[in-house]
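K.L.:
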Amino acid sequence: MFDNWRRRRAPDGPEPTDYQKVRQAILVSIDFANLEHLFPQIVRSLRDLSGPDRERLLGELADIAATDPRRREEAQYLLDGLRRVRWEQS
Numbered sequence: 002m003f004d005n006w007r008r009r010r011a012p013d014g015p016e017p018t019d020y021q022k023v024r025q026a027i028l029v030s031i032d033f034a035n036l037e038h039l040f041p042q043i044v045r046s047l048r049d050l051s052g053p054d055r056e057r058l059l060g061e062l063a064d065i066a067a068t069d070p071r072r073r074e075e076a077q078y079l080l081d082g083l084r085r086v087r088w089e090q091s
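Reminder that position 6 of the sequence shown reads as 7 in this note's numbering, one-by-one numbering, no gaps.
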């Protein structure tokens with residue numbers, strides 16, 4: 002997972018969930034337009050999430066692509082790539 006990313010949490014606060022870690026890494030990747038380099042890591046991390054968490058995160062990404070003018074292009078680019086991935090393992 003994206004262990005090398007800085008995690009924000011209160012001192013003595015709970016450790017972020019896997020969902021929160023992946024979400025934060027995706028948002029940072031979108032903000033810094035670093036998607037081509039990190040796409041394989043993003044896919045691996047999304048595969049590790051449960052189906053409902055993965056769908057929730059993809060829904061959030063679709064919302065960003067539809068409503069956030071600053072992140073729209075990168076979010077749509079990432080979403081288009083993720084829609085081509087087969088999530089169910091054979």
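Positions of the beta carbon are idealized from the N, C-alpha and C atoms, including for glycine.
I need the boundaries of the alpha helix (DSSP H) containing P53, first residue and last residue.
P.N.:
Here residue 53 is taken as the residue at index 52 of the sequence shown, counted from 1. Its alpha helix (DSSP H) spans residues G52 to T68.
K.L.:
Which same chain residues end up closer than 8 Å to V44 when comparing Cβ atoms and leaving out the 5 residues on each side of it in sequence?
P.N.:
On the sequence shown, residue 44 is found 43 positions in, with the first residue counted as 1. Cβ neighbours of V44 within its own chain (closer than 8 Å, five residues either side excluded): L83 and V86.
K.L.:
How many angstroms separate the CA atom of P15 from the CA atom of Q25?
P.N.:
Looking up residue 15 in the sequence shown gives position 14. Looking up residue 25 in the sequence shown gives position 24. Between P15 and Q25, the C-alpha separation is close to 16 Å.
K.L.:
For F33, which option in E89, W88, D81 and R73 has the closest C-alpha, if you only look at C-alpha atoms?
P.N.:
Within the sequence shown, residue 33 is the residue found at index 32, counting from 1. Checked all of E89, W88, D81 and R73; the closest Cα to F33 is R73.
K.L.:
For G82, does the three-state DSSP call read helix, strand or coil?
P.N.:
Indexing the sequence shown from 1 puts residue 82 at position 81. Correct three-state label for G82: helix.
K.L.:
Taking only the alpha-carbon atoms, compute the straight-line gap between R71 and V23 and give it to the nearest angstrom.
P.N.:
Position 70 of the sequence shown holds residue 71. Position 22 of the sequence shown holds residue 23. About 20 Å.
K.L.:
Please report the distance separating the alpha-carbon of G52 from that of V29.
P.N.:
Residue mapping note: residue 52 aligns to position 51 of the sequence shown, counting from 1. Residue mapping note: residue 29 aligns to position 28 of the sequence shown, counting from 1. Near 22 Å, if we compare the C-alpha coordinates of V29 and G52.
K.L.:
Look at the Cβ atom of L80, then the Cβ atom of L59, and state whether they are nearer than 9 Å.
P.N.:
On the sequence shown, position 79 is the one that residue 80 refers to. On the sequence shown, position 58 is the one that residue 59 refers to. Between L80 and L59, the C-beta spacing is below 9 Å.
K.L.:
Would S46 pass as a contact of D19 if the rule is Cβ separation under 9 Å?
P.N.:
The residue given as residue 46 occupies position 45 in the sequence shown. The residue given as residue 19 occupies position 18 in the sequence shown. Against a cut-off of 9 Å, the Cβ pair of D19 and S46 comes out as a contact.
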